[in-house]
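Here the structure comes first, spelled out in structure tokens, and everything after it is commentary.
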Amino acid sequence: MNFNNIKIQMKLLMLVGAISAITAFIAYFGVTNFNHLAATLTEVDRVDTAATIGARMTQDVITANRSEYRIAASPTEENIREAKAVNDDARNRFLERIEQTSKVANDDEKAMLATAKQAYKDYSDGLENVYAVAHDVKAKAHLDAEQQRLYQAVTQNRVLANKLTEAVKTYGQAIDKRGTATAEKAVADSQKISMIMVVVAVGGVLSGLLVGWLMATFGIAKPIARSVEQLRGLADGRLETVVTGAERHDECGDIAKGLAIFKENALKTRELEASAAELKQKAEAERRQGMLDLANEFEKSVGGIVTTVSGAATELQAAAQQLSATAHEASAQSLAVSSAAEEAGSNVASVAAATEELGASVSEIGRQVENSAQISATAMTEATEAGRIVEELNEAAASIGGFVDMISGLASQTNLLALNATIESARAGDAGKGFAVVASEVKALAGQTAKATTEISEKIAQIQESTSRAFKAMQNIGGTINHINTASTAIASAVEQQNSATQEIVHAVNQAAMGTTEVSSNIGGVADAAEQTGSAAAQVLSSSSELAQQAERLHHEMDKFLANVRAA
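The opening residue of the sequence shown carries number 21 in this note's numbering; numbering runs sequentially from there.
Dropping the structure here:
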């Protein structure tokens with residue numbers, strides 16, 4: 021999967037998903053280790069309970085053994101009855117506590133409890149013997165020998181009591197050792213969990229920052245900056261600017277494709293402008309050359325006539341005789357002028373055709389500019405959509421902040437529970453010291469969790485700030501595209517005006533063509549007038565003086581007219 025082909029919306033969703041996955045992993049890891057720590061604390065509580073029961077079992081053995089010595093000291097019926105009642109109660113409690121602690125004991129502890137139970141059974145049998153001996157000697161208690169026999173029975177049963185005490189002591193030592201090991205394990209587990217939580221939290225935050233930086237830099241910021249630079253180059257008229265990124269399939273690729281189309285249209289527009297300028301220069305050159313040719317032809321034709329008329333004024337007789345020949349020459353020249361006028365009409369028709377082609381080119385330019393305006397409108401829509409997506413990302417980051425606040429609240433509650441556990445362990449005295457250490461570690465872990473959630477909240481705030489800046493950047497891009505659209509509209513209006521001007525040029529050229537036709541017709545009239553010149557030869561003689569003056573004036577006006585024509 022190519023990263024350049026992923027839409028910006030998907031990139032932002034991937035970033036939020038990565039942060040959410042990291043947060044979920046940290047939460048899962050914390051819950052799992054908290055469950056493990058809770059199991060360890062449960063084991064500590066079980067061991068503490070077993071140790072308490074073991075101590076009470078030892079107390080029951082001591083109570084039973086003490087009653088034996090009371091019987092040995094005074095084997096009265098009342099003492100025997102009270103001792104038996106005390107021993108029966110102690111036996112019941114002892115057996116009940118063995119059954120109670122057997123439910124939570126492991127295999128080794130169950131074996132120890134079985135040994136203690138058998139020892140207590142042997143001790144109970146010995147107590148029954150003590151009771152029997154006491155009943156036997158109670159009537160003879162004043163005899164030393166009988167008292168000695170009772171004392172011996174008690175002494176013999178003390179051996180069994182010692183065995184029972186030793187069995188209970190062995191179990192108690194095992195429970196104490198196991199409790200110490202469990203407490204040490206709980207401390208080690210809490211330290212290990214704290215270290216791992218810190219490492220996982222730091223690694224998760226750094227990973228989220230790295231992923232966010234990579235996506236924002238290489239997926240959004242750099243491609244958009246490159247497209248903006250290319251757009252500025254094209255806007256400044258540097259059409260040699262190379263448009264890159266069109267092969268991408270995300271929004272940046274769409275922008276690059278739009279820039280490529282804009283560049284292509286600009287190149288076509290420049291080519292059309294160059295072609296129109298070339299056609300204009302060519303038409304101007306042809307018009308100028310035509311005017312020069314016409315002036316030369318006019319000077320050649322009319323100048324000869326003026327010279328002839330001037331000579332006729334000074335040599336009236338010769339002019340009168342040659343008037344007929346001059347009339348024929350004027351007719352021939354009129355035909356030449358008519359031919360030149362027809363050629364000029366052909367040239368004007370060519371110019372009209374070229375002007376119509378120019379009008380078609382201008383229409384094509386207008387269509388391309390309209391297409392550019394549509395592309396700009398599409399880009400404006402895409403920029404608006406991107407801004408909406410960035411705003412949705414900001415809202416998603418805010419919702420993640422809510423989850424972080426919830427985790428922070430749980431950490432605060434855990435801290436409060438740890439404080440309560442510390443108070444309860446302090447009330448329990450020495451028996452709660454191990455639990456106090458674990459509660460302290462839980463409190464520290466809750467504090468670290470609260471600190472981590474605070475840091476996550478700060479990072480989410482930074483993400484929200486970045487998305488706000490991205491949203492403003494999208495709005496600026498939309499404004500720029502809107503300016504481009506406005507410029508395209510202005511260009512379209514200018515092209516429309518150019519099209520109207522071109523149509524007016526076509527109309528003017530057609531009028532010029534009609535004028536050349538009319539000139540040809542008038543030259544025909546000149547030829548007819550030349551034929552009538554012969555009949556007016558008599559009138560020329562009487563008007564020779566006036567003709568000389570008019571000839572001089574005509575020569576002056578002709579020079580002025582030719583100078584103006586050549587200057588144009």
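Glycine is no exception: its CB is placed at the ideal position from the N, C-alpha and C atoms.
{"Query": "Own chain partners of Lys283 with C-beta closer than 8 Å, once the 5 adjacent residues on each side are dropped", "Result": "Leu254, Leu259, Thr261 and Val263"}
{"Query": "Closest by C-alpha distance to Asp270, when choosing among Glu293, Ala280, Ala286 and Ile244", "Result": "Ile244"}
{"Query": "Helix, strand or coil at Thr52 [DSSP, three-state]", "Result": "helix"}
{"Query": "Cβ-Cβ distance between Ala286 and Ala276 below 7 Å", "Result": "no"}
{"Query": "Reference Thr474; option with closest CA among Lys212, Ala221 and Ala201", "Result": "Ala221"}
{"Query": "Local Cβ density within 10 Å of Leu4, reported as buried at 16 or more and exposed below that", "Result": "Residue 4 is absent from the model: the chain starts at 21 and stops at 588."}
{"Query": "Cβ shell of Glu304 (< 7 Å), same chain only, five flanking positions each side left out", "Result": "none"}
{"Query": "Near the ligand FAD: Glu293 beta-carbon under 6 Å from a heavy atom", "Result": "Here there are no bound small molecules, and the ligand FAD is not part of this structure."}
{"Query": "Whole-angstrom C-beta distance between Lys104 and Tyr143, which should lie under 8 Å", "Result": "The Cβ separation is near 14 Å, so there is no contact."}
{"Query": "Of the listed residues Asn107, Glu478, Thr237 and Glu102, nearest to Asp145 (C-alpha basis)", "Result": "Asn107"}
{"Query": "First and last residue of the uninterrupted alpha helix (DSSP H) at Arg252", "Result": "Lys242 to Ala255"}
{"Query": "Nearest-angstrom Cα separation, counted from Phe45 out to Ile213", "Result": "14 Å"}
{"Query": "Among Leu292, Val153 and Ile240, nearest to Cys272 - alpha-carbon criterion", "Result": "Ile240"}
{"Query": "With 16 other Cβ atoms within 10 Å as the buried cut-off, status of Met215", "Result": "exposed"}
{"Query": "For Gln250 and Thr237, the rounded distance between their alpha carbons", "Result": "18 Å"}
{"Query": "Cα-Cα separation between Thr302 and Ala294, rounded to whole angstroms", "Result": "The identity of residue 302 in the sequence shown is Lys, whereas the question assumes Thr. Answer to the nearest angstrom: the Cα atoms are 12 Å apart."}
{"Query": "Leu133 versus Ala201 - alpha carbon distance", "Result": "20 Å"}
{"Query": "Close-in-space but distant-in-sequence residues of the same chain around Arg290 (CB under 8 Å, 5 per side omitted)", "Result": "Leu259"}
{"Query": "For Lys580 and Glu572, the rounded distance between their alpha carbons", "Result": "13 Å"}
{"Query": "Counted within 10 angstroms of its Cβ, other Cβ atoms place Glu129 as buried (16 or more) or exposed", "Result": "buried"}
{"Query": "Whether Lys141 touches Ile118 by CB criterion (7 Å)", "Result": "no"}
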